[in-house]
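Presented below is the structure to which this report refers.
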Amino acid sequence: MIDHINAKAMSHTQHRRRAAGFRRSQTRPAAPSQATRHDHMARAGSTPVCALGIASGRSGIASAASAICSGHLRLALTTLFVLAALAAFPATAPAQDDCFRSWSRPVVCRLDVEARETGGRWKNLRRSNSLRLPAGGALELRFSARDQNGWAFPEERLRVGLDLERDCRDLVHLAPSEDGRYRLVAGVERGRCTATLWVPGNLNLDIPLRLEVVSRAQAGYDHAQARAIAQRLYLAILGREPDPVGWNAATQEIQRGRLSQQVRAMLQSPEFRSRQRRMSPSQFLESLYRGLLDREPDSQGVRTYLRRLERGQADGVIEDIIRSEEFEASLLEHRGKPSIHDVRPPR
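Here the sequence shown is numbered in the numbering used here, starting from 280 and rising by one per residue.
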């Protein structure tokens, strides 16, 4: 059973903007009058959050202020009480229980979200509302909905908005997609940001998403990336191109999440031991930079890594470089492999 995504209220500016956009689409049902809403609340004996438009933000406070100005003290107190409850205990109900029950036309009252990586399997988005994107990777989102009667909302009429907050500017962007879906594409920079899903016609149905861009090493490498890393390790550590058997074996180890084991195995090999005797730590650092990053080490890299190489911590240095944003960016850009002539140190 698809879990429901928690909803929270939008800001007053978002209400005005989205309400205006929905009026242009001419798909929102006619709103009941104030008297009709009060009549519904009197018959129910309570104050439904959906009917009042109570929210945990400024719109809820505005509702309370409006009720006080209109002389409805009981309504105002009820509004403020619900606001306090929402702030203390986030809603976890699977749907808006009193959502537009008196309306005849279908309105989206529950939104279910599924996500997948490119070419992967669809997975239900759980109540954590969190999505992890590997650096340079992409996630596709698709939606289904239920109306106020619990029936499936018509897919051809379902419209879902997605807003990326300002903190997503350098992390994630939206790419065009088909069939009403969204495609989130991550850059190479790591970090966290927030986005919001919303549905025209029910401005109380507001779904926050917490997005996190993580390193490729943390998310896992695909076959092409693992193969590129294996080739660069051969160039950086052994100073040569990989042989077919060794290349395939190293690729499989890296793709299985055993990068650390592969690096240590290469550093403990007789071939590297023989090569190490002909290199100083600074020459080895140059070999690592040329093989992994296709450039000479900068002063910051020398200060950071040279002493660690002198202490015999080569495996940690190599893994740190591979997990760096610069290295992952080079994988995504499909840079050409460095010249073997540039990688080999002087004999």
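Cβ atoms here follow ideal geometry from the backbone N, Cα and C, with glycine treated the same way.
As the structure is a prediction and not an experimental result, all values here were calculated from the model.
(request) From the DSSP output, read off the bridge partner residues of Tyr461. (result) In DSSP, Tyr461 forms a bridge with Leu420.
(message) What does the alpha-carbon distance come out to for the pair Leu463 and Ser566?
(response) 37 Å
(message) Please state the DSSP three-state secondary structure of Asn428.
(response) coil
(message) Among Pro560, Leu441 and Ala424, whose alpha-carbon lies nearest the alpha-carbon of Pro455?
(response) Leu441
(message) Does Val524 pass the burial test, meaning 16 or more other C-beta atoms within 10 Å, or should it be called exposed?
(response) exposed
(message) Are the CB atoms of Glu607 and Arg495 within a distance shorter than 8 Å?
(response) yes
(message) Tell me the DSSP secondary structure of Pro560 in three-state form.
(response) helix
(request) Give a yes or no on whether 8 Å exceeds the smallest Cβ distance from Ser381 to chain D. (result) Here there is only one protein chain, and chain D is not present.
(message) Measuring straight from C-alpha to C-alpha, what distance separates Cys447 and Arg469?
(response) Approximately 11 Å between the Cα atoms of the pair.
(message) Quick check: what's the CA-CA separation for Arg421 versus Arg389?
(response) In this model, Arg421 and Arg389 are separated by some 14 Å (Cα to Cα).
(request) Could you check the C-alpha separation between Leu437 and Ser409 for me, to the nearest Å? (result) Put simply, the backbone Cα of Leu437 is about 23 Å away from that of Ser409.
(request) Check whether the Cβ of Asn403 sits closer than 7 Å to any heavy atom of the ligand PLP, and report yes or no. (result) With respect to the ligand PLP, the structure offers nothing, as it holds no ligand at all.
(message) Suppose only complete runs of 3+ residues qualify. What are the beta strand (DSSP E) ranges in the segment 449-532, listed by chain order?
(response) Secondary structure within the segment 449-532: the beta strand (DSSP E) runs of 3 or more consecutive residues, fully enclosed, are 451-454, 461-465, 470-478 and 481-493 (chain order).
(request) Along the alpha helix (DSSP H) that carries Glu396, what are the first and last residues, could you check? (result) Per DSSP, Glu396 belongs to no alpha helix (DSSP H); it is in the beta strand (DSSP E), Arg389 to Glu396.
(request) Reducing DSSP to helix, strand and coil, say where Ala608 ends up. (result) helix
(message) Suppose contacts are defined by Cβ-Cβ distances below 8 Å. Is Ala474 in contact with Leu450 by that definition?
(response) no
(message) Less than 6 Å between C-beta atoms, sequence neighbours within five positions excluded: which residues of the same chain meet that for Arg303?
(response) Because the pLDDT of Arg303 is 37, which lies under 50, any placement of that residue in the model is unreliable, and the question is left without a value.
(message) Just list the residues that DSSP pairs Asp442 with in beta bridges.
(response) Per DSSP, Thr475.
(message) Judging by CA-CA distance, which residue of Leu538, Leu404, Gly466 and Ile516 is the nearest neighbour of Leu564?
(response) Nearest to Leu564 by C-alpha distance, out of Leu538, Leu404, Gly466 and Ile516, is Ile516.
(request) Look at the alpha carbon of Asp577 and the alpha carbon of Tyr584, and state the distance between them as a whole number of angstroms. (result) Cα-Cα distance, rounded: 11 Å.
(message) So, with DSSP's three-state summary, where would you put Pro549?
(response) helix
(request) Name the one or two DSSP bridge partners that Ser578 has. (result) Per DSSP, Ser578 has no beta bridge partner at all.
(message) In whole angstroms, give me the CA-to-CA distance for Tyr461 and Ile601.
(response) In a straight line, the C-alpha of Tyr461 is about 31 Å away from that of Ile601.
(request) Kindly confirm or deny that the segment 552-560 and the segment 524-540 touch, where touching means at least three C-beta pairs closer than 8 Å. (result) Pairwise C-beta distances place the segment 552-560 out of contact with the segment 524-540, as fewer than three of them are shorter than 8 Å.
(message) Measuring only the C-alpha atoms, how far is Ala424 from Leu418?
(response) 20 Å
(message) Once the 5 residues before and after Arg411 are set aside, which same chain residues still bring their CB inside 6 Å of it?
(response) Glu491 and Val493
(message) By the DSSP assignment, the beta strand (DSSP E) with Arg436 in it spans what residues?
(response) No beta strand (DSSP E) contains Arg436, which DSSP labels as neither H nor E.
(message) Quick check on Ser383: buried or exposed, where buried means 16 or more other Cβ atoms within 10 Å of its Cβ?
(response) exposed
(request) Note the first and the last residue of the continuous beta strand (DSSP E) segment covering Pro385. (result) Note, Pro385: premise wrong, no beta strand (DSSP E); not H, not E.
(message) For a test of the three-state rule: what should DSSP assign to Arg411, helix, strand or coil?
(response) strand
(message) Looking at the secondary structure, which residues open and close the alpha helix (DSSP H) in which Asp594 lies?
(response) Ala593 to Ile601
(request) Excluding the 5 residues preceding and the 5 following Arg587 in the sequence, name in chain order all residues of the same chain whose CB lies nearer than 6 Å to its CB. (result) The residues are Val596.
(request) Going by CA-CA distance only, name the one from Glu598, Val387, Glu604 and Val581 that's closest to Asn483. (result) Val387
(request) Starting from the Cα of Asn428, find the closest Cα among Pro385, Val392 and Trp477 and give me that residue. (result) Considering only alpha carbons, the answer is Pro385.
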